[in-house]
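Single-structure report; data block below.
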Amino acid sequence: MSGAEPDRIMGLEEAALFAERRIDELHEQVLALSGRLEMLARRFERLERVVLDLRASAEPDAPDEPGDDGPNPTD
Numbered sequence: 003m004s005g006a007e008p009d010r011i012m013g014l015e016e017a018a019l020f021a022e023r024r025i026d027e028l029h030e031q032v033l034a035l036s037g038r039l040e041m042l043a044r045r046f047e048r049l050e051r052v053v054l055d056l057r058a059s060a061e062p063d064a065p066d067e068p069g070d071d072g073p074n075p076t077d
C-alpha cells in the first residue's frame, strides 16, 4: 500500500459522508415541498368548489313549467 492510498481512502470516506448528509438534506426538502404541494392542492380544490358554487348561483333558474317565466319562490 502506498503512502497516498490512505489519504485517498480518507478522501473517499469524507466524500461519502458529505454525499450522505446532502442526500438527507435533499430528502428533507422533498418532504417539505410535498407538504406544500398537498396544501396547495387542497386550496385549489376549495377555490374550485367556490367557483363552481358561484357559477351555479349566477345561472338563472330554469322555468318549472311551460309558461313559467321565472324562479318559484317555494323552490
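Its first residue numbered 3, the sequence shown is counted upward by one per residue in my numbering.
Glycine residues also receive a C-beta, built at the ideal position from the N, C-alpha and C atoms.
Alpha-carbon spacing of residue i relative to residue j, whole angstroms
{"i": "residue 29", "j": "residue 17", "result": "18 Å"}
{"i": "residue 13", "j": "residue 31", "result": "27 Å"}
{"i": "residue 52", "j": "residue 46", "result": "10 Å"}
{"i": "residue 62", "j": "residue 50", "result": "20 Å"}
{"i": "residue 33", "j": "residue 39", "result": "10 Å"}
{"i": "residue 23", "j": "residue 41", "result": "27 Å"}
{"i": "residue 25", "j": "residue 36", "result": "16 Å"}
{"i": "residue 55", "j": "residue 48", "result": "11 Å"}
{"i": "residue 27", "j": "residue 21", "result": "10 Å"}
{"i": "residue 9", "j": "residue 15", "result": "10 Å"}
Cut-off 7 Å between Cβ atoms - residues of its own chain near residue i, not counting five sequence neighbours on either side
{"i": "residue 44", "result": "none"}
{"i": "residue 58", "result": "none"}
Cutoff 8 Å; reference residue i; Cβ partners in own chain excluding five residues on either side
{"i": "residue 60", "result": "none"}
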